[in-house]
Structures are given as structure tokens and as C-alpha cells.
Amino acid sequence: MSELFKFFRSKQPKEQDEEIFGMIEVATAVLLIEMARADFHQDDFEDKKITELLEVHFNLSHGEAQSLFEEGQKKADDAVSLHEFTRTLHTKLTQIEKEK
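full-length UniProt numbering applies: residue 1 is where the sequence shown begins, and numbers increase by one.
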């Protein structure tokens, strides 16, 4: 029985330091994606524009921006509420950063 407990204890989730993108980047991507979905019609033009915005704003390569977009889509699909993403931006950004 103790071997079973050792097994589950050894399977700890990855540290947040190992995440590729930070909470602000992911929250931004999710909220942009949700805005594109607001009219129930998300097309390739909107996806490309969001990727471009992420690339420019966060100074990412095209591949990194595409990965961030994909992670944002996955998080948006899995989200029950947008509160965690809006809260992240509210608590992590300064007033000046929010105005940008």
C-alpha cells in the first residue's frame, strides 16, 4: 500500500516555471479568442489577426505566437468561465499596462 502512495506522490504536476507562456499572455490570448467567438462565427481572418496581435504585443516569433494562440484556444474551449482570465489581467497588470 505504501508503494501506491509513493507512486502518486511522485507524479506531481509540472511547476509553473516550466510553462512556456505566462499567465498574462495566455489570459490575453483566451480573451481575444472569446471576443472573436462572440458573434458565433470565428474565421481564419480573425485567427490570423489574433496571432499577429499576440506576436507584436508580446514580441514573439510567428511560431511562438501560433503556439500561444493554440494554447489559448484550448484553454478557452475548456473554460467554464472567463473570470480566471479577467482576474489574472486585473491583478497582474498595472493601470498603465491595462490602458495599453
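All C-beta atoms in this analysis are idealised placements derived from N, C-alpha and C, irrespective of residue type, glycine included.
Pairwise C-alpha distance: residue j and residue i
| i | j | result |
| --- | --- | --- |
| Q12 | E55 | With a pLDDT of 49 at Q12, under the threshold of 50, the predicted position of this residue should be treated as unreliable, though the coordinate-derived value follows. Each residue's Cα considered, the two are about 32 Å apart. |
| T51 | R87 | 22 Å |
| H90 | D39 | 25 Å |
| K100 | A36 | 19 Å |
| F85 | D43 | 23 Å |
| S67 | S81 | 22 Å |
| L60 | K75 | 19 Å |
Classification of residue i by the beta-carbon crowding that lies within 10 angstroms, buried from 16 upward
| i | result |
| --- | --- |
| V30 | buried |
| A79 | exposed |
| E70 | exposed |
Cβ separation of residue i and residue j, assumed to be a contact under 8 Å, to the nearest whole Å
| i | j | result |
| --- | --- | --- |
| G72 | I33 | 5 Å |
Boundaries (first-last residue) of the alpha helix (DSSP H) holding residue i
| i | result |
| --- | --- |
| A65 | 62–78 |
| P28 | Here residue 28 turns out to be Thr, not Pro, going by the sequence shown. 23–37 is the extent of the alpha helix (DSSP H) around T28. |
* **Meets three-Cβ-pair contact criterion under 8 Å: the stretch 79–97 and the stretch 38–47** => The stretch 79–97 makes no contact with the stretch 38–47; the number of CB pairs closer than 8 Å stays below 3.
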